[in-house]
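Notes to accompany the following structure.
In my numbering, the protein residues as written are 46 to 143.
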């Protein structure tokens with residue numbers, strides 16, 4: 046993906062990448078987004094098998110913890126410049142003990 050689900054941007058100027066790992070045809074279990082652009086970007090999220098939880102956000106200072114509560118907005122996530130975000134579906138996070 047790019048910032049839009051299932052619409053990769055293969056241009057030389059592209060600074061974003063998103064990809065997901067799906068569970069059969071039930072939806073996405075894991076999603077990872079990278080933003081190497083100088084500004085924050087809004088990424089569309091694929092449909093999860095259960096509500097998304099954010100597990101890693103490299104834009105957040107080490108002194109702050111990432112909230113692992115299900116996201117209020119399940120359709121997109123803003124990724125700050127030069128950062129990455131890891132999302133895991135609630136159901137799948139229990140199975141892999143995150």
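Quick reminder that beta carbons are idealized off the backbone N, C-alpha and C, glycines included.
Spatial neighbours of residue i within its chain, please: CB distance less than 8 Å, with the 5 preceding and 5 following residues excluded, ordered by chain position.
i, result
"residue 101", "111, 129, 130, 131"
"residue 141", "133"
Tell me which residue opens and which closes the beta strand (DSSP E) that residue i is part of.
i, result
"residue 100", "97–102"
"residue 117", "Where residue 117 is concerned, there is no enclosing beta strand (DSSP E), given that its DSSP letter is neither H nor E."
Looking at C-alpha atoms only, which residue of the options is the closest neighbour of residue i?
i, options, result
"residue 74", "124, 62, 88, 95", "95"
"residue 93", "135, 46, 78", "135"
"residue 70", "125, 121, 91", "91"
"residue 117", "99, 106, 104", "99"
"residue 66", "50, 58, 59", "50"
Please check the pair residue i and residue j, which I expect to be a contact at CB under 8 Å, by giving their CB distance rounded to whole angstroms.
i, j, result
"residue 47", "residue 63", "6 Å"
Could you spell out where the alpha helix (DSSP H) holding residue i opens and where it closes?
i, result
"residue 135", "135–140"
Given residue i, which residues of its chain have a CB within under 6 Å of its CB, disregarding the five upstream and five downstream residues?
i, result
"residue 80", "61, 86, 124, 128"
"residue 113", "98"
"residue 68", "74, 94"
So, at 7 Å on beta carbons, what are the nonlocal neighbours of residue i in its own chain, with the 5 sequence-adjacent residues on each side left out?
i, result
"residue 53", "46, 47"
"residue 138", "98"
"residue 84", "126"
"residue 151", "The chain is shown only over 46 to 143; residue 151 falls outside these bounds and no answer can be derived."
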